[in-house]
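Below: one structure, written as structure tokens.
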Amino acid sequence: MSLQPIKFYQTGTFTVGNRLLAPEERSVQANMQRTNSLNSGHRACQGCGEALGARYAIDAAMNATNRQLIAANATGCLEVFSTPYPETSWQIPWIHSLFGNTAAVATGMAAALKVKGRSEVRVVAQGGDGGTTDIGFGCLSGMFERNDDVLYICYDNGGYMNTGVQRSSATPPAARTATTMAVGDAPGNVFGQGKFVPAIAMAHEIPYVATATVADLRDLEYKVTKAMGMHGARYIQILVPCPLGWGTPSSDTIRMARLAKETGVFPVFEAENGEVTAVLKIRKRLPVEEYLKPQKRYAHLFGKQPRVDTIASIQALADKNIRKYKLLEEGI
Amino acid sequence: MKKQSIPIFDQSTIPNNLCPIATEYSKMMPGDWRSMLPVVNRKKCVKCSICWLYCPVQCIIERAGWFDANLATCKGCGICAEECPHGAIEMVAEED
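Right, here's the structure in full:
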């Protein structure tokens, strides 16, 4: 009978067992040395995913750059809730650009720092999905093409939530918004429209493109830290559920982000120089109904006569993501 | 393991001849938005810090043997109660 080392506690869990291990053996969820870059006291809604994602992203960027960081911020929820005049919640130098030119403003800052020889100071641009995929897309594409030394972070909540939930080009198909009402034969947003900006960013062959969700903060921190270690144009898209626009209870923000990843609706991957290098595999594959049902913006799919055809189309999109990015473990 | 950091930014170092936009910290205490109140069951809390991680307003503070919510900034969203792996946090209605 061979001897086996006894383990009194499970390793790799989130619970007390992890804390009993030596620090280097712990599977940490997030960095304990947080800098509170987005301080409490901001005016975000209850359960705002964007407030959580922005804080972790900027925290990680601050830690990675030894707090030598300047941020340009597009108009949007993030700008409105964090900086009502004359107050601010940010602990970094922060500039509010117009809605559409965040990438251009960040490019200018990077160029100025280059001329002044301040190579230790880094630039981050951030915006919502409206300011990134619709209004600011020209400037963003120019920034990618010139390969300026900027990390662009897009917080994707699938619409213009700040102005009353209008459709953006990142709104998923069949979702009800104020401008795509649930009426007619094909209720909600139209299939086959919109764009997935990480794929467009990959087509520019910039050094680093990644997607992340607020459900896996360790992954998010890792990706931001890795991006700040590189030079050139980098792009990270973070899925941030919006309780107001998605019609979910405020307590379900993290759960919805996790379901988006587990159903394959939102692929979580990273790509370098235009090629996918790593994906976050799906742990337990779920049908898209699990993701759609809790959200009121999809309530018209689950009425008296469920729209089985529409749900099947969304499932087909998720399956396509899973095939394209190889999100499942081999053999499942 | 001190987790809440002190502000790294000293307001007295700001020159006073700058355009005075957004040089004050947000002083808002959104605790009065709350309709539900997180209550931590200290016996169930194992200090895994999941609530601390996922709180969007970082209102979770660390006590000696459990985590607690700073009720001045807690908006009562309930993410901590939903995500707690031990079910140690319960949302109860705020009494007026």
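For the protein sequence lines, the chains are A and B, in the order given. Under the numbering used here, the first residue of the first sequence carries the number 2, and numbering increases by one thereafter. Under the numbering used here, the first residue of the second sequence carries the number -15, and numbering increases by one thereafter. For every residue, glycine included, the Cβ atom is placed at its ideal position computed from N, Cα and C.
Quick check: what's the CA-CA separation for residue i versus residue j?
{"i": "A:T89", "j": "A:L79", "result": "11 Å"}
{"i": "A:G275", "j": "A:P199", "result": "10 Å"}
{"i": "A:T12", "j": "B:C32", "result": "Low per-residue confidence applies at A:T12: pLDDT is 48, beneath 50, and the placement is therefore not dependable, though the value from the model is reported in the following sentence. The straight-line gap from Cα to Cα measures roughly 13 Å."}
{"i": "B:P40", "j": "A:S251", "result": "11 Å"}
{"i": "A:V116", "j": "A:P94", "result": "19 Å"}
{"i": "B:P14", "j": "A:A52", "result": "14 Å"}
{"i": "A:V124", "j": "A:N148", "result": "13 Å"}
{"i": "A:Q238", "j": "A:V225", "result": "10 Å"}
{"i": "B:L21", "j": "A:F145", "result": "46 Å"}
{"i": "A:R119", "j": "A:C155", "result": "26 Å"}
{"i": "B:H70", "j": "B:M12", "result": "32 Å"}
{"i": "A:Y86", "j": "A:K327", "result": "46 Å"}
{"i": "A:Q421", "j": "B:S10", "result": "Any question about residue 421 of chain A goes unanswered here, given that chain A covers just 2 to 333."}
{"i": "A:K321", "j": "B:A48", "result": "49 Å"}
{"i": "B:A56", "j": "A:R259", "result": "29 Å"}
{"i": "A:K227", "j": "A:Q47", "result": "30 Å"}
{"i": "B:A77", "j": "A:T254", "result": "20 Å"}
{"i": "A:G205", "j": "B:E79", "result": "Residue identity differs from the one stated: residue 205 of chain A is His in this sequence, not Gly. Each residue's Cα considered, the two are about 56 Å apart."}
{"i": "A:T16", "j": "B:F51", "result": "Any reading at A:T16 must be qualified, since the residue scores a pLDDT of 47, below 50, and its modelled position is unreliable; no value is offered."}
{"i": "B:C29", "j": "B:C68", "result": "9 Å"}
{"i": "A:F138", "j": "A:T181", "result": "22 Å"}
{"i": "A:L114", "j": "A:D217", "result": "33 Å"}
{"i": "B:Y38", "j": "A:G128", "result": "21 Å"}
{"i": "A:I136", "j": "A:G143", "result": "13 Å"}
{"i": "A:K305", "j": "A:N64", "result": "52 Å"}
{"i": "A:S98", "j": "A:Q69", "result": "20 Å"}
{"i": "A:G109", "j": "A:I96", "result": "12 Å"}
{"i": "A:K262", "j": "B:E8", "result": "38 Å"}
{"i": "A:S41", "j": "B:E46", "result": "16 Å"}
Could you please give me the residues that DSSP links to residue i through a beta bridge?
{"i": "A:V289", "result": "None, per the DSSP bridge assignment."}
{"i": "A:D157", "result": "A:L240"}
{"i": "B:M75", "result": "B:P22"}
{"i": "B:D52", "result": "B:I45"}
{"i": "A:R123", "result": "A:L70"}
{"i": "A:G137", "result": "DSSP lists no partner for A:G137."}
{"i": "A:G128", "result": "A:C155"}
{"i": "A:Y57", "result": "Per DSSP, none; premise fails for A:Y57."}
{"i": "A:Y209", "result": "A:R235 and A:E273"}
{"i": "B:E8", "result": "A:E88"}
{"i": "A:I96", "result": "A:A73"}
{"i": "A:Q167", "result": "A:Y161"}
{"i": "A:T214", "result": "A:L240"}
{"i": "A:L39", "result": "A:W91"}
Which residues in the same chain as residue i place their Cβ atom closer than 7 Å to its Cβ, once the five residues preceding and following it in sequence are excluded?
{"i": "A:G165", "result": "A179"}
{"i": "A:T278", "result": "E271 and A272"}
{"i": "A:V289", "result": "T264, V266, I312, I315, Q316 and A319"}
{"i": "A:T134", "result": "S169, S170, A171, K196 and V198"}
{"i": "A:E330", "result": "K282"}
{"i": "A:L302", "result": "A175, L293, R308, T311 and I312"}
{"i": "B:A72", "result": "V24, N25, K28 and C29"}
Report the neighbours of residue i on chain A: residues whose CB is nearer than 8 Å to its CB, in chain order.
{"i": "B:V17", "result": "According to the sequence provided, residue 17 of chain B is Trp. The question's Val does not apply to it. Neighbours of B:W17 on chain A, chain order: Q47."}
{"i": "B:V76", "result": "Residues of chain A passing the Cβ test: none, with the nearest at roughly 13 Å."}
Below 6 Å CB to CB, which residues in the same chain sit around residue i once its five sequence neighbours on both sides are set aside?
{"i": "A:N102", "result": "C140"}
{"i": "A:A176", "result": "G189, N190 and R298"}
{"i": "A:Y161", "result": "G131, Q167 and S169"}
{"i": "A:Q296", "result": "W247, G248 and T249"}
{"i": "A:P174", "result": "N190 and F192"}
{"i": "B:Q(-12)", "result": "Low confidence applies here, because B:Q(-12) scores a pLDDT of 47, under 50, leaving its location unreliable; read the following figure in that light. No residues qualify anywhere along the chain."}
{"i": "A:A126", "result": "A73, T103, A104, A107, V151 and Y153"}
{"i": "A:P242", "result": "G50, T254, M257 and A258"}
{"i": "A:Y236", "result": "Y153, A202 and V210"}
Which bits of chain A does residue i rub up against, with CB to CB less than 7 Å?
{"i": "B:K59", "result": "Q47"}
{"i": "B:K28", "result": "Under the 7 Å cutoff, chain A gives no residues; its nearest Cβ is about 11 Å from B:K28."}
{"i": "B:P22", "result": "Here the premise fails: no neighbours, minimum Cβ distance about 10 Å."}
Taking residue i as the query, report the chain A residues whose CB atoms sit under 9 Å from its CB, ordered along the chain.
{"i": "B:G71", "result": "Going along chain A, no residue has its Cβ under 9 Å from B:G71, so there is no contact; the nearest lies around 12 Å."}
Find the residues of chain B that neighbour residue i, judging by a C-beta separation of less than 9 Å, and give them in chain order.
{"i": "A:I255", "result": "Y38, I63, E66 and E67"}
{"i": "A:G248", "result": "Chain B residues near A:G248: none, gap ~15 Å exceeds 9 Å."}
{"i": "A:R44", "result": "S10, M12 and P14"}
{"i": "A:S314", "result": "Ordered by position in chain B, no residue passes the 9 Å Cβ test against A:S314, which lies about 30 Å from the chain."}
{"i": "A:N40", "result": "P(-9), Y9, S10 and Q42"}
Among residues of its own chain, excluding the 5 on either side of residue i, which ones have a beta-carbon nearer than 8 Å to its beta-carbon?
{"i": "B:W17", "result": "K59 and G60"}
{"i": "A:L221", "result": "G54, Y57, A58, A61, A213, T214, V215 and I239"}
Against residue i, what residues of chain B qualify as contacts under a CB-to-CB distance less than 8 Å, listed in chain order?
{"i": "A:S252", "result": "C61, G62, I63, A65, E66 and M75"}
{"i": "A:S170", "result": "Here the premise fails: no neighbours, minimum Cβ distance about 26 Å."}
{"i": "A:A52", "result": "P40 and V41"}
Using a Cβ cut-off of 7 Å, pull out every chain B residue sitting near residue i, in sequence order please.
{"i": "A:S120", "result": "Result: empty, since nearest Cβ-Cβ is about 22 Å, beyond 7 Å."}
Segments of 3+ residues assigned as beta strand (DSSP E) that fall wholly inside the stretch 217 to 244 of chain A:
235 to 240
Completely contained alpha helix (DSSP H) runs for the stretch 276 to 321 of chain A, where each covers 4 or more residues
289 to 293
Complete runs of the beta strand (DSSP E) confined to the stretch 18 to 43 of chain B [at least 3 residues]
20 to 24
Could you name the residues of the stretch 91 to 103 of chain A whose beta carbon sits closer than 9 Å to any beta carbon of chain C, in the order they occur along the chain?
This model lacks chain C altogether, as its protein chains are A and B.
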